[in-house]
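Numbering (the working numbering), first residue to last: 1093 to 1302.
By construction, the Cβ of each residue, glycine as well, lies at the ideal position given by its N, Cα and C atoms.
Fair warning: this is a prediction, and the values are worked out from it, not measured in the lab.
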Ligand code: NI
């Protein structure tokens, strides 16, 4: 890992949530993946969906369980003050705007704070946005493996005044993966709903034409 670049990125992070970090960090790890033209022929070489986690209903799930569906994958934590609630709200809007096509799209919220984000905590949280969103948590090792597979990133930010209320900086983009678990693109933080929907539908049309 390029620690100099990572250090620079970390320096730019807004405490609490990694605004703007997602795209830049993706570019470091997977050159060209965020700005390349998206098509079926170049969905190789980027991250591949891989995780083994526990859902907010207590079910053991792996990336293979979502084979055949498009996934929108977001890493965060339920105590996040801003980026996570905003992003999950945006995900709910995308699902609504997709109409019937939403049945083909599975949003996944993977916690990078498994100590606090128990399945029960996640269940309450995701239900506040849209009950189609699946919250995922696990052991630190399981979470770290998922973070590594997607090329995501997080870091704990201790609160020196109150150790109970630490924050977690994390990537802010949403990973869009195709039905075979291949990386398509990142939707950066606060991409307008219409743009996300069109980005998803463009891939659906392309896959339908193959
Ligand atoms: Ni957050």
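Count the other CB atoms, across all protein chains shown, that sit within 10 Å of the CB of residue i; report buried if there are 16 or more and exposed otherwise.
i            : result
residue 1037 : Because the chain in this structure spans residues 1093 to 1302, residue 1037 falls outside the shown range and cannot be described.
residue 1114 : Note that residue 1114 scores 43 on pLDDT, short of 50, meaning its location in the model is unreliable; the coordinates nonetheless yield the value given after this. Result: buried.
residue 1152 : exposed
residue 1231 : exposed
residue 1218 : buried
residue 1179 : buried
residue 1248 : exposed
residue 1216 : exposed
residue 1154 : exposed
residue 1135 : buried
residue 1141 : buried
Looking at ligand 2, does it come within less than 7 Å of residue i, judged from the CB to the closest heavy atom?
i            : result
residue 1239 : This structure simply doesn't include ligand 2; it includes ligand 1 instead.
Distance check for residue j and residue i, CA to CA, integer angstroms please.
i            : j            : result
residue 1277 : residue 1295 : 10 Å
residue 1235 : residue 1185 : 27 Å
residue 1125 : residue 1245 : Its pLDDT being 46, under 50, residue 1125 is placed unreliably by the model, and nothing is read from it.
residue 1174 : residue 1301 : 39 Å
residue 1101 : residue 1238 : Note that residue 1101 scores 34 on pLDDT, short of 50, meaning its location in the model is unreliable; the coordinates nonetheless yield the value given after this. Distance between the alpha carbons of residue 1101 and residue 1238: 21 Å.
residue 1226 : residue 1200 : 5 Å
residue 1116 : residue 1265 : Confidence at residue 1116 is low in this model, with a pLDDT of 38, below 50, so its placement is unreliable and the value that follows should be read with caution. Cα-Cα distance, rounded: 10 Å.
residue 1121 : residue 1241 : The predicted model places residue 1121 with a pLDDT of 41, which falls under 50 and marks its position as unreliable; any figure quoted below should be read in that light. Each residue's Cα considered, the two are about 11 Å apart.
So is residue i in contact with chain D if we call contact Cβ pairs under 8 Å?
i            : result
residue 1209 : Chain labels in this structure do not include chain D; a single protein chain is all it has.
Let's see if you can read the secondary structure: which residues bound the beta strand (DSSP E) around residue i?
i            : result
residue 1198 : 1197 to 1203
residue 1295 : Not the beta strand (DSSP E): residue 1295 falls in the alpha helix (DSSP H), residues 1285 to 1301.
residue 1147 : 1144 to 1147
residue 1227 : 1226 to 1229
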